[in-house]
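Enquirer: For the sequence shown, my numbering puts the final residue at 380, and the numbers step up evenly by one.
Glycine included, C-beta positions come from ideal geometry on N, C-alpha and C.
The structure displayed is predicted, hence computed values, not measured ones.
Take this structure, written in structure tokens, and hold onto it; I'll ask about it next.
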Amino acid sequence: MKHSSWIELSTLAFNHNISQFRTFVPSGVKLSIVLKSNAYGHGLLPMGQLCEANSSIDYVCVFFLSEALTLRCHGMTKPILVLGLLDDSIELAIEHNIDVVCFDRSQLNDFHNAAQKAGKKLFVHLKIDTGLSRLGFFPDQVLSVVQDIVTNYPGIYIKGIMTHFSESGALDVQWTERQERVFTEVIALLQSKNINIDMMHASNTGATLRFLGSHFNMVRVGGGSYGLPQRTYVYDLIKKAVPDFELKQVLTYKSRIMSIKELPAGSFISYDRLYQTPRPQRLALAPIGYSDGFGRRKPAGLHVLINGVLAPVVGSVCMNMTIIDISHISNVEVNDEVTAIGDHEGIRVNDIAPLVGCVNYEVTTLLNPATKRMIVK
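See below:
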């Protein structure tokens, strides 16, 4: 089947990014890759396949238990941690050796009962709220929760303790340092009571690169593994300190020209007549639109790549189509390739994000999950 639009995932770029993060993470520290939200739009199964094949990756993280089960059913053997919702049977998590996050006392009875029913312990990572004010126990609750689990819930094994930084990409480091300090104090309190937990983790992409003392014994890298550092100035800071450091964009989004037409000067283009041809123009139509996650209907400044040349998007991006000015490109024909997102100046994710008013990995996360994803070299 010939696909009208498709997404290519570069094995070389992904493995390169992992090797770059490994230079920041000591060998005794586990490297986990976050595959939540369809692997930030890249595709859960193909990115899971790349993670499984990379020996430098120790863990993968997802948000839903159903995502973890999908990975297991498709051959994932590496440890998996569910960061959020258990939207399927807890017994299945136990059966398939999937770790889960415990963030509320209300979960304890269900966790324990499932473990008793399965005849095996459920491995949990306690989530500590050190300042994000999202999921997790407050620091002053942790000791009593741990003691309660150890005493009253023998079906639960506390395998890890974790927190999440709220602004590790900010120029002002004080809040992240405060969160790190609070988390360290919680761990020290537990250790003073002879409670030693196997795994301790806090760092996301930004903290992995900037706060080396926050690595503990595992880091959780999300956007950076796809070549998408959220804050470009943080990336620039790292590049300045480590000139050889480089992340490569993993995702390329392609389509093909479905029609070409010549329009005279003064023609209105697309819905709401937002664009009028200032001169005779040659336009191409590609079968990608906002239903595919492209453009979010805001065309100003968007470009695509055709025959190695940048071409501007004109008029409103439609539900299933985008209109492109190809007047300046010779020898363009129907079925020629169109690269809407790729590793080329002007169409990188970091180029597109400010044009549509979002962060970079929102661009990829919003790509239609029905679009074919394929692993390439």
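Evaluate the contact criterion for the stretch 101–112 versus the stretch 61–79: three or more CB pairs, one atom per stretch, below 8 Å.
Expert: Between the stretch 101–112 and the stretch 61–79, the count of Cβ pairs shorter than 8 Å is three or higher; the stretches touch.
Enquirer: Would you check if the stretch 31–47 and the stretch 365–374 touch, i.e. whether three or more CB-CB distances between them fall below 8 Å?
Expert: yes
Enquirer: With 16 as the cutoff for other CB atoms within 10 Å, does Met377 come out buried or exposed?
Expert: In the sequence shown, counting from the first residue as 1, residue 377 sits at position 374. So Met377 counts as exposed.
Enquirer: Taking 8 Å as the threshold (C-beta atoms), are Asn112 and Asn57 in contact?
Expert: The sequence position of residue 57 within the sequence shown is 54, counting from 1. The sequence position of residue 112 within the sequence shown is 109, counting from 1. Their beta carbons are not under 8 Å apart, which means Asn57 does not touch Asn112 by this criterion.
Enquirer: Where does the unbroken beta strand (DSSP E) through Asp102 begin, and where does it stop?
Expert: Along the sequence shown, one-based indexing puts residue 102 at 99. Ile101 to Cys105 is the span of the beta strand (DSSP E), which, as asked, contains Asp102.
Enquirer: Is there contact here, the stretch 156–166 with the stretch 195–211, by at least three beta-carbon pairs under 8 Å?
Expert: yes
Enquirer: At what residues does the beta strand (DSSP E) containing Gly163 begin and finish?
Expert: Locating residue 163 in the sequence shown gives position 160, counting from the first residue. Note, Gly163: beta strand (DSSP E), Ile159 to Met165.
Enquirer: Just how far apart, CA to CA, sit Gln233 and Ile355?
Expert: For the purposes of this step, residue 233 is identified with residue 230 of the sequence shown, where counting begins at 1. For the purposes of this step, residue 355 is identified with residue 352 of the sequence shown, where counting begins at 1. Taking the straight line joining both Cα atoms gives about 13 Å.
Enquirer: Compare the Cα-Cα distances from Gly122 to each of Gly226, Ile97, Cys105 and Gly345 and report the closest residue.
Expert: Mapped onto the sequence shown, residue 122 falls at position 119. Taking only the C-alpha atoms, the option nearest Gly122 is Ile97.
Enquirer: Leaving aside the five residues before and after Met4 along the sequence, list all residues of the same chain whose C-beta is less than 7 Å from its C-beta, in chain order.
Expert: Position 1 of the sequence shown, counted from the start, is the residue given in the question as residue 4. Its pLDDT being 46, under 50, Met4 is placed unreliably in this model, and the coordinates cannot settle the point.
Enquirer: Identify, in the order they occur along the chain, each residue of the same chain with its Cβ nearer than 7 Å to the Cβ of Asp328, setting aside the five sequence neighbours on each side.
Expert: Position 325 of the sequence shown, counted from the first residue, corresponds to residue 328. So the qualifying residues of the chain are Gln284, Leu286, Ala314, Pro315 and Val317.
Enquirer: Tell me the DSSP secondary structure of Met4 in three-state form.
Expert: Sequence index remark: in the sequence shown, residue 4 carries index 1 (1-based). Note that Met4 scores 46 on pLDDT, short of 50, meaning its location in the model is unreliable; the coordinates nonetheless yield the value given after this. Met4: coil per DSSP, three-state reduction.
Enquirer: In three-state terms, what does DSSP make of Val366?
Expert: Within the sequence shown, the letter at position 363 stands for residue 366. Of the three classes helix, strand and coil, the one that applies to Val366 here is helix, per DSSP.
Enquirer: For Val153, count the other beta carbons within 10 Å of its own beta carbon; 16 or more makes it buried, fewer makes it exposed. Which is it?
Expert: What you label residue 153 is simply residue 150 of the sequence shown in a count that begins at 1. Exposed is the call here.
Enquirer: Can you give, in chain order, each stretch of the beta strand (DSSP E) that sits fully within the stretch 269–313 and has at least 3 residues?
Expert: 284–289 and 306–309
Enquirer: Within its chain, find whatever has a CB closer than 6 Å to the CB of Asp346; leave out the 5 residues flanking it on each side and keep chain order.
Expert: For the purposes of this step, residue 346 is taken as residue 343 along the sequence shown, with counting starting at 1. So the qualifying residues of the chain are Gln252.
Enquirer: Tell me the rounded alpha-carbon separation between Thr211 and Asp143.
Expert: Counted from its first residue, the sequence shown places residue 211 at position 208. Counted from its first residue, the sequence shown places residue 143 at position 140. The straight-line gap from Cα to Cα measures roughly 26 Å.
Enquirer: Report all residues from its chain with a CB closer than 6 Å to the CB of Val366; omit the five preceding and five following residues, and keep chain order.
Expert: Here residue 366 is taken as the residue at index 363 of the sequence shown, counted from 1. So the qualifying residues of the chain are Val352, Ile355 and Ala356.
Enquirer: Looking at the secondary structure, which residues open and close the alpha helix (DSSP H) in which Leu240 lies?
Expert: As a first step, residue 240 must be located in the sequence shown, where it is residue number 237. Residues Thr235 to Ala244.
Enquirer: In the DSSP assignment, what residue or residues form a beta bridge with Thr342?
Expert: Against the sequence shown, residue 342 aligns to sequence position 339. According to DSSP, Thr342 bridges with Lys257 and Leu308.
Enquirer: Using the Cα positions of Met50 and Asn207, report the straight-line distance between them to the nearest angstrom.
Expert: Locating residue 50 in the sequence shown gives position 47, counting from the first residue. Locating residue 207 in the sequence shown gives position 204, counting from the first residue. Approximately 18 Å, taken between the alpha carbons.
Enquirer: Would Met322 be called buried (16 or more neighbouring beta carbons within 10 Å of its own) or exposed?
Expert: As a first step, residue 322 must be located in the sequence shown, where it is residue number 319. Result: exposed.
Enquirer: When the Cα atoms are used, what is the spatial distance from Arg223 to Gly230?
Expert: To locate residue 223, count along the sequence shown from 1; it is residue 220. To locate residue 230, count along the sequence shown from 1; it is residue 227. Near 15 Å, if we compare the C-alpha coordinates of Gly230 and Arg223.
Enquirer: Entirely within the stretch 44–100 and at least 3 residues each: give me those beta strand (DSSP E) ranges in chain order.
Expert: 62–65 and 83–85
Enquirer: Please confirm if Gly209 has its CB atom under 8 Å from at least one CB of chain D.
Expert: Checking the listed chains, one finds no chain D in this structure; it contains a single protein chain.
Enquirer: Determine which residues share a DSSP beta bridge with Glu265 and list them.
Expert: The residue given as residue 265 occupies position 262 in the sequence shown. The partner list for Glu265 (beta bridge, DSSP) reads Arg285.
Enquirer: Please report the distance separating the alpha-carbon of Val176 from that of Ala205.
Expert: Taking the first residue of the sequence shown as position 1, residue 176 is located at position 173. Taking the first residue of the sequence shown as position 1, residue 205 is located at position 202. Going from the Cα of Val176 to the Cα of Ala205 covers about 15 Å.
Enquirer: Would DSSP call Ile329 helix, strand or coil?
Expert: Locating residue 329 in the sequence shown gives position 326, where the first residue counts as 1. Three-state result, Ile329: coil.
Enquirer: Taking 8 Å as the limit between beta carbons, can you name the residues of its chain near Asp295, skipping five residues before and five after?
Expert: On the sequence shown, position 292 is the one that residue 295 refers to. Within the same chain, Asp295 has close Cβ partners Ser8, Asn323, Leu370, Asn371 and Thr374.
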